[in-house]
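Here is the structure we will look at.
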Amino acid sequence: MDIELMLKEAVINAVEKLYEQTPDQKSIQFQRTRKDFDGDFTLVVFPLLRVSKKPPEQTATELGDYLKENIAQICDYNVIKGFLNLSIDKSFWISYLSNIAKDDNFGFVKNKENPKTILIEYSSPNTNKPLHLGHIRNNLLGYSVAKIIATQGDNVKKVNLVNDRGIHICKSMLAWQKWGDSITPEKSGKKGDHLVGDFYVKFDQEYKKEISKLVDAGQTEEEAKQKAPLIQEAQEMLRKWEAKDPETISLWKDMNKWVLDGFDVTYKNLGVDFDKIYFESNTYTLGKKLVEEGLEKGVLFKKEDGSVWADLTEEGLDQKILLRSDGTSVYMTQDLGTAHQRITDYNANESIYVVGNEQIYHFQVLKIVLGKLGFEWSENLHHLSYGMVELPEGKMKSREGTVVDADDLIEGMTTTAEEMSRELGKLDGFSETEKNEIVNTIGLGALKYFILKVDPKKTMTFDPKESIDFNGNTGPFVQYTYARIQSLMRKAIDKNVELPTDLNIKTKISNKELQLIKQIHNYPETLKEAAENLSPAQIANYIYDLVKEFNQFYHDHHIMSEEDKNIREFRLFLSKQVGEIIKSGMELLGINVPDRM
RNA sequence: GGUCGCGUAGCUCAGUUGGAUAGAGCAAUAGCCUUCUAAGCUAUGGGUCGAAGGUUCGAAUCCUUCCGCGAUCACCA
Numbered sequence: 006m007d008i009e010l011m012l013k014e015a016v017i018n019a020v021e022k023l024y025e026q027t028p029d030q031k032s033i034q035f036q037r038t039r040k041d042f043d044g045d046f047t048l049v050v051f052p053l054l055r056v057s058k059k060p061p062e063q064t065a066t067e068l069g070d071y072l073k074e075n076i077a078q079i080c081d082y083n084v085i086k087g088f089l090n091l092s093i094d095k096s097f098w099i100s101y102l103s104n105i106a107k108d109d110n111f112g113f114v115k116n117k118e119n120p121k122t123i124l125i126e127y128s129s130p131n132t133n134k135p136l137h138l139g140h141i142r143n144n145l146l147g148y149s150v151a152k153i154i155a156t157q158g159d160n161v162k163k164v165n166l167v168n169d170r171g172i173h174i175c176k177s178m179l180a181w182q183k184w185g186d187s188i189t190p191e192k193s194g195k196k197g198d199h200l201v202g203d204f205y206v207k208f209d210q211e212y213k214k215e216i217s218k219l220v221d222a223g224q225t226e227e228e229a230k231q232k233a234p235l236i237q238e239a240q241e242m243l244r245k246w247e248a249k250d251p252e253t254i255s256l257w258k259d260m261n262k263w264v265l266d267g268f269d270v271t272y273k274n275l276g277v278d279f280d281k282i283y284f285e286s287n288t289y290t291l292g293k294k295l296v297e298e299g300l301e302k303g304v305l306f307k308k309e310d311g312s313v314w315a316d317l318t319e320e321g322l323d324q325k326i327l328l329r330s331d332g333t334s335v336y337m338t339q340d341l342g343t344a345h346q347r348i349t350d351y352n353a354n355e356s357i358y359v360v361g362n363e364q365i366y367h368f369q370v371l372k373i374v375l376g377k378l379g380f381e382w383s384e385n386l387h388h389l390s391y392g393m394v395e396l397p398e399g400k401m402k403s404r405e406g407t408v409v410d411a412d413d414l415i416e417g418m419t420t421t422a423e424e425m426s427r428e429l430g431k432l433d434g435f436s437e438t439e440k441n442e443i444v445n446t447i448g449l450g451a452l453k454y455f456i457l458k459v460d461p462k463k464t465m466t467f468d469p470k471e472s473i474d475f476n477g478n479t480g481p482f483v484q485y486t487y488a489r490i491q492s493l494m495r496k497a498i499d500k501n502v503e504l505p506t507d508l509n510i511k512t513k514i515s516n517k518e519l520q521l522i523k524q525i526h527n528y529p530e531t532l533k534e535a536a537e538n539l540s541p542a543q544i545a546n547y548i549y550d551l552v553k554e555f556n557q558f559y560h561d562h563h564i565m566s567e568e569d570k571n572i573r574e575f576r577l578f579l580s581k582q583v584g585e586i587i588k589s590g591m592e593l594l595g596i597n598v599p600d601r602m
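If you read the first sequence in the numbering used here, its first letter stands for residue 6, the second for the next number, and so on.
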């Protein structure tokens, strides 16, 4: 049984025996003992004073005496103010370590009864320009959270909803028609998403020129924006697209393919993938039917001009349009439809949307409207809203060209990793293939860790200088520790040292070693909490603490050169387990670990 | 203006359901490689946890007000 559960029950028994009352669950508050005090677990006795009717110190001492007497694993205790610090026998910790080595996926929930099916949507790019730093945060979060949730024994499906239609897509298409001179990714040697992005920018430049011309000619800015010939042409193109005009559709297909092929490369380099990709061009008409049904049920209403609305004033929100007066869908309408469709496709219990925090309102409304339409699962829609990524000089602005391109960034990180590795002489003796692999692992690891270690909901600053610092709380630091451990393991094999299947529980271990085991013990709970909170950051912080502890241990202890066989085996065994957890945890962040670096 | 989020060391971030003396990294300074990878380890300095009230045995954490920053409130997506 789990040690903390056992302690909790023991305290309940103790209170019943000593004070002849049954305490409520809430008043049994255990926490891990802080490092500056002796002990492993701490019972906060304040909540129990009502039952004991005695001062904190006395209550703690009485409980401590009882527990030490009656619980075999408790070998000692001390009392500081109202805190009862309990020490668990070292033999317990050693056998704990021994046992987890037999566990294939330590910390993961296995064979869960009635596992849920959980959908997670992330990435969701527009096909008019390449991915940038903001998308990277989204993709890394989505991919990692999917893995983290899966550790709790549920089925997870990753979906991507590609926004491949609309006026913004037509802008790139129009610009290509006008100024593209039949260029293709092949002819230009450019990645398709970047090529199309260039035309999107070109459109915007030309459009602005037209606007200022019109403004100079005496029109208001509003008028000019609507009347500029380019925007009118783009709108005309959208109408043609919706009317399935063959020429427009053909161009749209070509250009979308260029972009999607480009995205595939970025996704691959980033190491993310999906179980299913939805396209808005297929789903944008969905939801209309749901809205019409809602109208019949009377949960939605129609205005005089024929537009359909949801009244959310009861929920403290405004009214929200769901169908335009001409009967066409808006963004919300199609999201109602896609939500319904994917839940049906997968027979899913929950749906998570990884979308930036600028859409909090949208998802609030989506949830409420689905509820009004009578879908019980609307309760199980979660918006994982993450904060924007800013640069040290402020927000990224495409107008000022400060947008950090995803492909450039990935390449830059790899290049930096290579330079640093070469300077440190770390790449000597590796083949070209090995070098590339190592450098890629490190560069990407630095980037991913840098982004994922921050609490998703917070706005974060991406400082390029800091992101390529490989010391301290960074991906390469964690990777380095892993590589060190693997080096130890190789050395053990070289010297024909075999690890025992069971550790000798009488081995003398140091405080640092004990701390390491306790940190290992926290892994399952960390996974659970990270899954509940949809937060890779909690895993990153956990691994960092583990790795820091390990490096201190590594510095202060001999491992292979330890003469006592029991101790040597214990230390190797401990190192191996730490390595396994580093690997497991980093994998949940989508980060690879190298055997050498 | 309404709603929501954020505010912790010079900078970037941690801080469990409210618990002990608020922690890391970077930057600065001083040490540690004839010994398992120095991308490491150790030490020093650095704080009115935005401000003021309140609840509590106990508040960075919960409540109220205020200040600052941001997002959002389209027949755009």
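Glycine included, each C-beta is placed from N, C-alpha and C at the ideal position.
query: Can you find the residues in the same chain that come closer than 7 Å, C-beta to C-beta, to residue 270, ignoring five residues on each side of it along the sequence?; result: 196
query: Do the CB positions of residue 300 and residue 342 come within less than 8 Å of each other?; result: no
query: Assuming residue 328 and residue 296 are in contact, meaning their beta carbons sit under 8 Å apart, how far apart are those beta carbons, in whole angstroms?; result: 6 Å
query: Exposed or buried, which one is residue 516 when buried takes at least 16 other CB atoms within 10 Å?; result: exposed
query: Span of the beta strand (DSSP E) holding residue 122?; result: 122 to 126
query: Suppose only complete runs of 3+ residues qualify. What are the beta strand (DSSP E) ranges in the region 35 to 85, listed by chain order?; result: 46 to 49, 79 to 85
query: Residue 149 and residue 551 - do their beta-carbons sit closer together than 8 Å?; result: no
query: Express the C-alpha separation of residue 555 and residue 581 in angstroms, rounding to a whole number.; result: 11 Å
query: Start and end of the beta strand (DSSP E) containing residue 92?; result: 88 to 93
query: In terms of DSSP beta bridges, what is residue 137 paired with?; result: 410
query: Does the beta-carbon distance from residue 143 to residue 174 come in below 8 Å?; result: no
query: Please give the ranges of any alpha helix (DSSP H) in the region 505 to 567, keeping only runs that are unbroken, at least 4 residues long and fully inside the region.; result: 516 to 526, 528 to 538, 541 to 561
query: Using only the alpha-carbon positions, how far apart do residue 274 and residue 113 sit?; result: 27 Å
query: Buried or exposed: which applies to residue 458, given that a residue is buried once 16 or more other Cβ atoms fall within 10 Å of its Cβ?; result: buried
query: Give the range of the beta strand (DSSP E) segment to which residue 164 is assigned.; result: 160 to 167
query: By Cβ distance, which residues of its chain are closer than 8 Å to residue 228, with the 5 residues on each side in sequence left out?; result: 219
query: Can you have a look at residue 389 and say buried or exposed, based on whether 16 or more other CB atoms are within 10 angstroms of its CB?; result: buried
query: In the structure shown, what three-state DSSP assignment does residue 457 receive?; result: helix
query: Between the C-alpha atoms of residue 208 and residue 313, what's the straight-line distance to the nearest angstrom?; result: 34 Å
query: According to DSSP, simplified to helix, strand and coil, what is residue 206?; result: helix
query: Pick out the complete beta strand (DSSP E) segments inside the region 260 to 334, 3 residues or longer, and give them in chain order.; result: 281 to 284, 313 to 316, 324 to 328
query: Exposed or buried, residue 563, counting other C-beta atoms within 10 Å across all chains shown (16 or more means buried)?; result: exposed
query: Check whether the region 495 to 504 and the region 75 to 91 are in contact - that is, three or more C-beta pairs closer than 8 Å.; result: no
query: Pull up the distance between the alpha-carbon of residue 159 and that of residue 108, whole angstroms please.; result: 19 Å
query: Rounded to whole angstroms, what's the CA-CA distance from residue 52 to residue 34? Just pull it up for me.; result: 8 Å
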